[in-house]
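Engineer: Numbering (our numbering), first residue to last: 1 to 251.
1) Note down, one range per segment and in chain order, each alpha helix (DSSP H) of at least 4 residues found wholly within the region 159-194.
2) Which residue's Cα is closest to the Cα of residue 176: 246, 199, 208?
3) Between the alpha carbons of residue 84 and residue 207, how many angstroms are there, rounded?
4) Alpha carbon to alpha carbon, how far is residue 94 from residue 86?
5) Check each candidate in 171, 216, 214 and name the one with the smallest Cα separation from residue 200.
6) So residue 196 and residue 185 are in contact, right, with Cβ under 8 Å, and what is the actual spacing, rounded?
7) Is the region 111-125 close to the region 142-159, with three or more CB pairs under 8 Å?
8) Taking 8 Å as the cut-off, does the region 234-245 touch the region 106-116 (at least 3 CB pairs, one atom from each stretch)?
9) Considering only the beta carbon of each residue, do residue 143 and residue 163 sit closer than 9 Å?
10) What residues match up with residue 197 in a beta bridge as DSSP calls it?
11) Would you kindly report the start and end of the unbroken beta strand (DSSP E) that includes residue 222?
12) Quick one: what's residue 246 bridged to in DSSP?
13) Give every residue of the same chain whose Cβ lies closer than 6 Å to the Cβ of residue 209, excluding the five residues on either side of it in the sequence, and list them in chain order.
14) Verify the contact flag: residue 106, CB atom, against every heavy atom of the ligand FMN, threshold strictly below 8 Å.
15) Residue 226: buried (16+ other C-beta within 10 angstroms of its C-beta) or exposed?
16) Quick check: what's the CA-CA separation for residue 203 versus residue 81?
17) Using the C-alpha atoms, what's the distance from residue 213 back to residue 92?
18) What does a CB cutoff of less than 6 Å around residue 155 pick up in its chain, not counting 5 residues either side in sequence?
19) For residue 256, is the classification buried or exposed, using 16 other Cβ atoms within 10 angstroms of its Cβ as the cut-off for buried?
20) Is residue 203 helix, strand or coil by DSSP?
21) Determine the burial state of residue 141: buried for a count of at least 16 other Cβ atoms within 10 Å of its Cβ, exposed for fewer.
22) Taking Cβ to Cβ, would you say residue 181 is nearer than 9 Å to residue 103?
23) DSSP puts residue 155 in a beta bridge; with which residues?
24) I believe residue 167 touches residue 96 by the beta-carbon criterion, under 8 Å. Please report the beta-carbon distance rounded to the nearest angstrom.
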């Protein structure tokens, strides 16, 4: 009986050991599984946080680079625009010089008309007034005047007061009348080598001329009333006269 009991006990242990071997689980298996799940979750959480941190850092770095590049580009564009505007201001001033030089050359050629010399020498106002009116209509002038050798106006047409202001405009100058820019010129009338008088001419600078200058300069060229502040940030004052200023504005 003891032998059978021992055999039975042995068989029970063998069967229990077999069941544990077949199940592969001990009493601590659930705890191990729970600990493993917690460790896996912790690893995932740390990895996710690390990835999010790296992604945020990369996004911040990229945004910072873009902002710096945009500011640098904006500054470079503003500097380039300012340099172009400076060149346009210089070019517009040269265009004014050329316009006045062309005006001087044209009226010097006109002043060589023999009738002008003859009538100035005899000082015949009615005939000179007729020539002044005719010349003003032909040239589209605001004012035309003939002046004797003493500087006195003998005859004129158009705006006589404007002609008076242009008596000393030798070589040409800009003047303003009622807010409109005018180009004035005073050229000598000679008989041989002797100056017998002067021809005075004043012409408006039309919008078509300014448009042509703007095309050549690559910026808007205009005459504006003198003011304390400019309407645009990128603007240059070229000349100022009689309450007007010649300016160029970035277009």
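Cβ coordinates follow ideal geometry from the N, Cα and C atoms, glycine included. Remember, it's a predicted structure, so these values are computed and weren't measured experimentally.
Structural biologist: Reading off the structure:
1) 160-165
2) Counted from its first residue, the chain shown places residue 176 at position 176. Among 246, 199, 208, the Cα nearest to that of residue 176 is on 246.
3) One-based indexing of the chain shown puts residue 84 at position 84. One-based indexing of the chain shown puts residue 207 at position 207. Cα to Cα, residue 84 sits roughly 23 Å from residue 207.
4) The count along the chain shown starts at 1 and reaches residue 94 at position 94. The count along the chain shown starts at 1 and reaches residue 86 at position 86. Those two C-alpha atoms are separated by around 13 Å.
5) Within the chain shown, residue 200 is the residue found at index 200, counting from 1. It is 171.
6) Here residue 196 refers to the residue found at position 196 of the chain shown. Here residue 185 refers to the residue found at position 185 of the chain shown. 18 Å between Cβ atoms; not a contact.
7) yes
8) no
9) Position 143 of the chain shown, counted from the first residue, corresponds to residue 143. Position 163 of the chain shown, counted from the first residue, corresponds to residue 163. Yes. Within cutoff.
10) As a position in the chain shown, residue 197 is number 197, starting the count at 1. Paired residues: 148, 189.
11) Within the chain shown, numbered from 1, the residue matching residue 222 stands at position 222. Run containing residue 222: 220-225, per the beta strand (DSSP E) assignment.
12) Sequence index remark: in the chain shown, residue 246 carries index 246 (1-based). DSSP lists 223, 239 as partners of residue 246.
13) Position 209 of the chain shown, counted from the start, is the residue given in the question as residue 209. The answer is none, since no qualifying residue turns up.
14) As presented, the structure is devoid of all ligands, the ligand FMN included, so that no description of it is given.
15) In the chain shown, residue 226 corresponds to position 226, counting from 1. Exposed.
16) Here residue 203 is taken as the residue at index 203 of the chain shown, counted from 1. Here residue 81 is taken as the residue at index 81 of the chain shown, counted from 1. Going from the Cα of residue 203 to the Cα of residue 81 covers about 33 Å.
17) Numbered from its first residue, the chain shown carries residue 92 at position 92. Numbered from its first residue, the chain shown carries residue 213 at position 213. Rounded to whole angstroms, residue 92 to residue 213 spans 7 Å at the Cα level.
18) For the purposes of this step, residue 155 is identified with residue 155 of the chain shown, where counting begins at 1. Excluding sequence neighbours, residue 155 sits near 125, 128, 129, 132, 146.
19) The structure shown does not extend to residue 256, since the chain spans only 1 to 251, so no value can be given for it.
20) Translated into positions along the chain shown, residue 203 becomes position 203. Residue 203: strand per DSSP, three-state reduction.
21) What you label residue 141 is simply residue 141 of the chain shown in a count that begins at 1. Label assigned to residue 141: buried.
22) For this step, residue 181 is matched to residue 181 along the chain shown. For this step, residue 103 is matched to residue 103 along the chain shown. Cβ atoms of residue 181 and residue 103: not closer than 9 Å.
23) Numbered from 1 along the chain shown, position 155 holds the residue referred to as residue 155. 146.
24) By one-based count along the chain shown, residue 167 stands at place 167. By one-based count along the chain shown, residue 96 stands at place 96. In fact, because the Cβ distance is near 21 Å, the residues do not count as touching under 8 Å.
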